[in-house]
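Numbering (the numbering used here), first residue to last: 1 to 544. Glycine included, C-beta positions come from ideal geometry on N, C-alpha and C.
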């Protein structure tokens, strides 16, 4: 359930933001901002107002869910960030990274409060206890087991000797006294651990599990059976047989009184927890049913199957909407306000649905590349736009026609700049190159290969031509390097050293004598463009 939960959360964020746009708007130019590499995890704050995203670009970003506005970027990890968890009060955010550390951040200020060290491999999972006092983390072989940390001090409290390298999911009991770990590599064992003594106190046969909203009941999936147990004692409560439990995992209603399961005949069965009686049988799916989700108010049940998506009245069993899934079925999740259903297909298609009408609000389509950066030509008649598939497209703004596509980069293009005369277009990419293109012909004029031995991340995130067009400045690597190159020869003219984190933006003064650079180290530096000497450093409270 951990992976599913993370993917669900990611989808819910994506479409909560996407759905905020109103329908019927006139076309407008939107400059998109965000991560410079793929997102590994997304987590909502407990009140649903904020979302945090963890990326392979080594950063965490905080977003305002209602508007989609990026609030701040948390910089500190030195490798991919894999996992996130808010504390129950929403004031702190924990992040786990491939740099083998866990970091704790102040959500309001973005301040790094402390770093948890001890793992000898990447941190791939973190879960915080409901009381907010203890953080559990998991790594990869040979760093097996669960580590428990004191959130207040950052000190390790002990370890739980889980021998399976791939145990999943992991969650806390609602009283913060126990941890539950799921089946890993086919061991068919769900284990409940005493958090204080770090010993196994309960073992249940099953593949995976889900907890009731109050945390008192654990539903264990084992073959074609879903069995309910008392989490505290391990005593069996009731079992539901002849199900297609291997297809779709059960879902508890928010009030914990009902559980939805997939029947063997592709139906969806709703059972009363108190007495085990079948409450409703929902029929309509003609193939396998993979995902079930109740809306936050428990009034609507969404079910996703092969090429079919249904919305049901969870109280009466009436079918509200039937929609076609055009792609391979995937995970579904409701937004916190229950107004939007997000679906993710295994073909990487993301869709948002209006729950009340069943209408599709947004569909990314099979090709999900998005705009990364834009640049206007000096005369304002041409627009260059990059996509996250590494291509660059040139548009005639007067006629609204696409002129040509530049292909050649092997990674996402993160920076664009036209030369002052408009004849050249420079593109900086995560493939660690700057390419110069002839705007009229579309041909590649030159490739500037960045020095690889000094990069912690091989990337170019900012480019700027000098006013005379004879040189070009670039930056973006995480060592803070800034370099100027000769446009005609491709030779490196000079390097500027002083930033301690990546350079995000570059600009020349009108006379070309001063070069300004803005960095994630929270400074703006002014340089003598001719000598490379640092003239002034302007410090701020936020990364620039």
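Residue j and residue i - do their beta-carbons sit closer together than 9 Å?
i           : j           : result
residue 81  : residue 106 : no
residue 442 : residue 412 : no
residue 261 : residue 254 : no
residue 505 : residue 517 : yes
residue 146 : residue 179 : yes
residue 278 : residue 292 : no
residue 153 : residue 114 : yes
residue 470 : residue 488 : yes
residue 120 : residue 139 : yes
residue 89  : residue 132 : yes
Could you say which of the options lies nearest to residue i if we only look at CA atoms?
i           : options               : result
residue 206 : 424, 223 and 111      : 223
residue 174 : 155, 214 and 525      : 214
residue 376 : 211, 314, 307 and 422 : 422
residue 519 : 73, 54, 63 and 50     : 73
residue 92  : 111, 99 and 79        : 111
residue 243 : 426, 289 and 476      : 289
residue 498 : 508, 514 and 526      : 526
residue 486 : 156, 128, 465 and 231 : 465
residue 305 : 259, 234, 480 and 322 : 322
residue 117 : 132, 130, 94 and 407  : 94
residue 360 : 333, 324, 383 and 392 : 324
residue 295 : 392, 311 and 383      : 311
residue 101 : 204, 78 and 298       : 78
residue 493 : 503, 478, 129 and 474 : 474
residue 97  : 56, 132 and 131       : 56
residue 216 : 177, 484, 240 and 208 : 177
residue 378 : 354, 393, 467 and 427 : 467
residue 42  : 71, 69, 83 and 35     : 83
In the DSSP output, what is residue i paired with across the bridge?
i           : result
residue 321 : 311
residue 401 : 396
residue 353 : 341 and 360
residue 575 : The structure shown does not extend to residue 575, since the chain is modelled only from 1 through 544, so no value can be given for it.
residue 516 : 507 and 526
residue 177 : According to DSSP, which records beta bridges pairwise, residue 177 is partnered with nothing at all.
residue 116 : 102
residue 486 : 471
residue 462 : 475
Count the other C-beta atoms from every protein chain shown that fall within 10 angstroms of the C-beta of residue i, then say buried if there are 16 or more, exposed otherwise.
i           : result
residue 447 : exposed
residue 380 : exposed
residue 511 : exposed
residue 103 : buried
residue 300 : buried
residue 196 : exposed
residue 6   : At residue 6, the pLDDT of 40 sits below 50, so the modelled position is not reliable and the matter cannot be decided from this model.
residue 396 : exposed
residue 191 : buried
residue 61  : buried
residue 449 : exposed
residue 302 : buried
residue 199 : exposed
residue 419 : buried
residue 538 : exposed
residue 169 : buried
residue 580 : This structure does not reach residue 580, given that the chain is present from 1 up to 544, and the question cannot be answered.
residue 287 : exposed
residue 507 : exposed
To the nearest whole angstrom, what separates the beta carbons of residue i and residue j, a pair I think is in contact under 8 Å?
i           : j           : result
residue 439 : residue 416 : Residue 439 to residue 416, Cβ: 12 Å. No contact.
residue 435 : residue 408 : 6 Å
residue 157 : residue 134 : 7 Å
residue 338 : residue 313 : Their Cβ separation, rounded to whole angstroms, is 14 Å, which puts residue 338 and residue 313 out of contact at 8 Å.
residue 373 : residue 414 : 6 Å
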